[in-house]
Amino acid sequence: MRNDELKKEAIYNQERQEQYLWHQSRVTGLSRRRLLQLMAAGVVVGRQAWGRTSVFQDSAADLPCVVKPTPPELFIARGGANYEMRFDVIPHHQYLVPNELFFIRSHDCTPRLDADSWKLRIDGEGVDNPIELSYGDILGLEAVTVRRFVECAGNGRGFFNIQQHQNALGAQWFLGAIGVAEWTGVRLSDVLQLAGLKDTAVDVMPEGLDDLHVRRPIPIEKALEEDTLLVYGMNGKPLLEDHGFPVRVLVPGWVGVASIKWVGHIQVSQTPLFSPFGSTVPPFENQTYRLFGDAYPPEGILLTRQNVKSAFELPFPAKLAAGKHILHGRSWSGNGRIRHVQVSFDGGEWRRAHLRSENPPTAWVRWIIGWEAEPGEHVLRARAIDETGEEQPEAVPFNRFGYVFDAIVNHPVTIE
Ligand SMILES: Nc1nc2c(c(=O)[nH]1)N[C@H]1C(S)=C(S)[C@@H](COP(=O)(O)O)O[C@H]1N2
Ligand SMILES: [Mo]
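Numbering (my numbering), first residue to last: -15 to 400.
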């Protein structure tokens, strides 16, 4: 399973690289062979610098790929370095996801880094004073703590298949590719100021120290927001290796891939930057984290903010005893706070759920609702509306990579 998934991801990556080569040889007039030589040497071709290319060795699947234990009682393994949190395992009254239970989504294996030798370099034409910071330097800056989610752009992807009979590429997540933690770190803006940020800066691209160098630009406006952080603490402890030790980026409300783990370099530019993990700069056809499909323009749409979703804290599917139940769930939005949540049983009328926790922006809110359960097969549905008025639809237009599944999920429950 894990082997297969890794091989598949390698194939997609290779396909994208082929598309890229084809495009670059068209725009530069260089041969495919010459381009490959240049890329191997890390030479800039056109506007993009190529370091190591994104191809897995098959043997990577045999190595221990993640560090923390991922027992099946806590996680659903989704292939490669991808582990979904089981929503029925998080204690109902606990707001934060414990570090041991936090989902893992990595494009490659977890790198083992040493905080003492770790360095963060901040450079590019968008800063006057390129700098290199140590772990100690970061710890010495003013600390900020926030409760925010990290959610994968593909969270809920499995429901394209289950509810809409459309097969999207990638990990077939239910709704557990999300977690809320209390993150401690420093404002990215403080670090950018230290590097002499120029008024003319437009993009900020953090890059990971994993083999794939996962990287993705964010616009300067998002980089300068109060809660866009470089974090080293997760629920009061140092980050775990799998979640980006020693330092990761936190980009609240945005697709998880923006929250670069194991950050080692931040490039600040005066022109928009390219990344195969999604950017505003062409070529688009070899980028992930874009919406491609019949409902979208040919160049796709770049993903930024997450949408609204709701989940029951039950196994999927669930089995319960007949009688009175208090059902628990959580709802969240990339736009801000949740305004209210409704639940429907077996297609019946929508009833208000009771919000039962804090409700910070771009985190989640816990809710409960009572249910008198009778024996038989049932379908539970929950939907939320956020403070901007965005609500969950009945269906989602298909996109090739299965992102943004925010439709109301039909949760099957058997009552015995
Ligand atoms: N360097 C690096 N950062 C990364 C990734 C990665 O593969 N490499 N995966 C991204 C994706 S797709 C997601 S959803 C989140 C997952 O964060 P988590 O594993 O801490 O839950 O990390 C993001 N940051
Ligand atoms: Mo993701």
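Here a beta-carbon is modelled for each residue, glycine too, at the ideal position from N, C-alpha and C. All values reported here derive from a predicted model rather than from experimental measurement.
query                                                                                                                                                               : result
Locate the beta strand (DSSP E) running through I106, then write down its first and last residues.                                                                  : K103 to D107
Quick check on the burial criterion: 16 or more other C-beta atoms within 10 angstroms. Buried or exposed for T54?                                                  : buried
May I ask you to verify whether the region 279 to 287 touches the region 140 to 155, counting CB pairs closer than 8 angstroms and requiring at least 3?            : no
Who are R336's beta bridge partners in DSSP?                                                                                                                        : Q326
For Q251, is the classification buried or exposed, using 16 other Cβ atoms within 10 angstroms of its Cβ as the cut-off for buried?                                 : buried
For A366, which option in F300, V393, F385 and T346 has the closest C-alpha, if you only look at C-alpha atoms?                                                     : V393
Between the region 79 to 88 and the region 229 to 238, do three or more beta carbon pairs fall short of 8 angstroms?                                                : no
Taking just the CA atoms, how far does D187 sit from Q254?                                                                                                          : 7 angstroms
If you run the structure through DSSP and keep just helix, strand and coil, what is Q148?                                                                           : helix
Mind reading off the beta-carbon distance from F71 to F296? Whole number of angstroms is fine, and I expect it under 8 angstroms.                                   : 7 angstroms
Taking 7 angstroms as the cut-off, is the beta-carbon of V241 closer than that to any non-hydrogen atom of ligand 2?                                                : yes
Is DSSP giving H227 helix, strand or coil here?                                                                                                                     : helix
Between the Cα of E209 and the Cα atoms of A279, Q177 and G332, which residue gives the shortest distance?                                                          : Q177
Using C-beta distances below 6 angstroms, list every residue in its chain close to D211, excluding the 5 sequence neighbours before and after it, in chain order.   : V130 and P236
At the level of alpha carbons, what is the spacing between G320 and Q290?                                                                                           : 10 angstroms
CA-CA distance, C136 and T272?                                                                                                                                      : 13 angstroms
Quick one: what's T129 bridged to in DSSP?                                                                                                                          : T168
In the DSSP assignment, what residue or residues form a beta bridge with Q251?                                                                                      : D107 and M189
Looking only at its own chain, which residues have a Cβ that is under 7 angstroms from the Cβ of E68, when we skip the five neighbours before and after it?         : F59, I60, R62, F87, W157, F158, G160 and A161
How would you call H338, buried or exposed, if buried means at least 16 neighbouring beta carbons within 10 angstroms?                                              : exposed
Quick check: the Cα distance between A267 and V327, rounded to an integer number of angstroms?                                                                      : The sequence as given places Pro at residue 267; Ala does not occur at that position. Cα-Cα distance, rounded: 43 angstroms.
How about V247 and E191: are their beta carbons less than 8 angstroms apart?                                                                                        : yes
Following the continuous beta strand (DSSP E) through H121, name the residue where it begins and the one where it ends.                                             : The sequence shown places Asp at residue 121, not His. Counting along the chain, D121 falls outside any beta strand (DSSP E), though it belongs to the alpha helix (DSSP H) covering Y119 to L123.
Can you give me the C-alpha to C-alpha distance between T37 and C93, rounded to a whole angstrom?                                                                   : Summary for T37: the model assigns pLDDT 33, below 50, so the residue's position carries little reliability, and this model does not support an answer.
Which runs of the beta strand (DSSP E) at least 3 residues long sit entirely within the region 243 to 304? Give them in chain order.                                : 247 to 253, 292 to 296 and 302 to 304
Short of 7 angstroms in beta carbon distance, which residues of its chain neighbour S243, apart from the five on each side in sequence? Order them along the chain. : V134, R232, V233, L234 and V235
Between S341 and R335, which are expected to be in contact by the criterion C-beta below 8 angstroms, what is the C-beta distance as a whole number of angstroms?   : Not confirmed; about 19 angstroms, so no contact.
Check A65 in the structure and name its three-state DSSP category.                                                                                                  : strand
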